[in-house]
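Colleague:
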Amino acid sequence: MEQRIGIGFDVHAFAENRDLILGSIKIPHTRGLAGHSDADVLLHAVCDAMLGALALGDIGRHFPDNDAQYKDIPSTQLLEKTYDMVRQEGYE
């Protein structure tokens, strides 16, 4: 079986009145991360790496921050959608 390797990257600024979500876990903190979705930089980087490994573009191409359907979406849902794309390309 052919293997592919991707490198993912994501960054969000800290923000007041937001939850800090990392790897889908709510971390107790006085600030969270700013973002259109839940701003989970860990899962965003994983999605980005999976997409990059298959040359499908970056996370912003598939889940743009100006698309209302992704407003405050849990990043676990973005990961599920990304994994669906990976499977459609014949990988697991």
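Following this note's numbering, the numbering of the sequence shown begins with 1 at its first residue and continues without gaps.
Heads up, the beta-carbon is just placed ideally off N, CA and C, and yes, glycines get one too.
Sorted by chain position, which residues of the same chain lie with C-beta nearer than 8 Å to His29's C-beta, five sequence neighbours on each side aside?
Modeller: Your numbering for residue 29 matches position 29 in the sequence shown. If we look at His29 and ignore the five residues flanking it on each side, its Cβ neighbours are Leu20.
Colleague: In terms of alpha-carbon separation, which member of Gly8, Ala34, Asn66 and Glu16 lies closest to Leu129?
Modeller: Residue 129 is absent from the structure shown; the chain starts at 1 and stops at 92.
Colleague: When we look at the beta-carbon of Ser37 and count the other beta-carbons within 10 Å, is it buried (16 or more) or exposed?
Modeller: Here residue 37 refers to the residue found at position 37 of the sequence shown. Ser37 is buried by the Cβ-count criterion.
Colleague: Does the distance from the C-beta atom of Leu33 to that of Ala49 stay below 8 Å?
Modeller: Within the sequence shown, residue 33 is the residue found at index 33, counting from 1. Within the sequence shown, residue 49 is the residue found at index 49, counting from 1. Against a cut-off of 8 Å, the Cβ pair of Ala49 and Leu33 comes out as no contact.
Colleague: Between the Cα of Leu63 and the Cα atoms of Ile73, Ala55 and Leu54, which residue gives the shortest distance?
Modeller: Start at 1 with the first residue of the sequence shown, and residue 63 comes out as number 63. As written in the sequence, residue 63 is Phe, which differs from the Leu given in the question. Comparing Cα-Cα distances from Phe63 to each of Ile73, Ala55 and Leu54, the minimum goes to Ile73.
Colleague: Does the Cβ-Cβ distance between Val41 and Val11 come in under 8 Å?
Modeller: Translated into positions along the sequence shown, residue 41 becomes position 41. Translated into positions along the sequence shown, residue 11 becomes position 11. Yes. Within cutoff.
Colleague: Between Met59 and His44, is the Cβ-Cβ spacing less than 8 Å?
Modeller: As a working note, residue 59 is residue 59 in the sequence shown. As a working note, residue 44 is residue 44 in the sequence shown. According to the sequence as given, residue 59 is Ile; it is not Met. Result yes, Cβ atoms of Ile59 and His44 sit closer than 8 Å.
Colleague: Thinking just about the alpha-carbon of each residue, which of Tyr91, Gln69 and Ala39 is nearest to the one in Ser75?
Modeller: Walking along the sequence shown from the start, residue 75 turns up at place 75. Ranking the options by Cα distance to Ser75, first place goes to Ala39.
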